[in-house]
Amino acid sequence: MSLWLDPLPPKAKGMGAMPTILTVCTTCKRTDADQADETRPGTHLLRALRDQGVPDGVEIREVECLSACSNGCAVALSEPGKWSYVYGRMSSENAADILAGAAAYAATDDGLVPWRERPVIFRKQSLARIPPFPEPEQE
1199 MSLWLDPLPP
1209 KAKGMGAMPT
1219 ILTVCTTCKR
1229 TDADQADETR
1239 PGTHLLRALR
1249 DQGVPDGVEI
1259 REVECLSACS
1269 NGCAVALSEP
1279 GKWSYVYGRM
1289 SSENAADILA
1299 GAAAYAATDD
1309 GLVPWRERPV
1319 IFRKQSLARI
1329 PPFPEPEQE
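For the sequence shown, this note's numbering begins at 1199 and goes up steadily by one.
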């Protein structure tokens, strides 16, 4: 019998069947972007991320709202069994750093990238850190 101090035991690197999900809010907008027909900054960010080339083990998904509206463009990183994060104040100019952060996250067992190893934009712009959900017990 083993005793874990964390809510979940660590996963073996590279053994997860699920990719890291980088979720991008496409409805995020600036306060000065009020025209309904204007392409939203969140959509520009999504395009910039896809144009950069997605790292191995990362999948980009779009969503219409991450409920971070007062924080500009928002993205989230998640994977089963790992801590999840929501970051705000992103822009299409940050695409390379966002993808580097997603790759670093994907390489962890628990979603906890050491602070100094995170891209600078992830060090100061975190809106939420969400603990991993426990896996269902096997009978």
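By construction, the Cβ of each residue, glycine as well, lies at the ideal position given by its N, Cα and C atoms.
Within 8 Å of any Cβ in chain C, is that where the Cβ of residue i sits?
i	result
P1334	Chain labels in this structure do not include chain C; a single protein chain is all it has.
Taking 6 Å as the limit between beta carbons, can you name the residues of its chain near residue i, skipping five residues before and five after?
i	result
S1276	I1219 and S1282
E1260	V1222, T1224 and L1244
E1257	P1217 and I1219
From the DSSP output, in three-state form, read off residue i for me.
i	result
T1218	strand
L1244	helix
C1267	helix
E1315	helix
In its own chain, which residues sit with a C-beta less than 8 Å from the C-beta of residue i, not counting the 5 before and 5 after it?
i	result
E1335	none
R1316	G1299 and A1302
G1270	C1226, R1228, P1239, G1286, R1287, M1288 and S1289
Contact defined as beta carbons within less than 8 Å: I believe residue i pairs with residue j. What is the distance between those atoms, to the nearest angstrom?
i	j	result
A1302	V1311	5 Å
Q1250	A1305	Contact flag wrong, Cβ pair sits at about 18 Å.
Which stretch, first to last residue, makes up the alpha helix (DSSP H) that contains residue i?
i	result
G1299	A1293 to A1304
V1318	V1318 to K1322
In terms of residue numbering, what span does the beta strand (DSSP E) encompassing residue i cover?
i	result
R1287	S1282 to M1288
R1259	V1256 to V1261
Just to confirm my understanding: we take residue i, look at its own chain, exclude 5 residues before and 5 after, and list those with CB closer than 7 Å. What are they?
i	result
A1274	T1221, L1264, S1282, Y1283 and V1284
Validate contact between the stretch 1318–1331 and the stretch 1235–1254 using beta carbons, cut 8 Å, 3 pairs: At 8 Å Cβ cutoff, the stretches do not touch.
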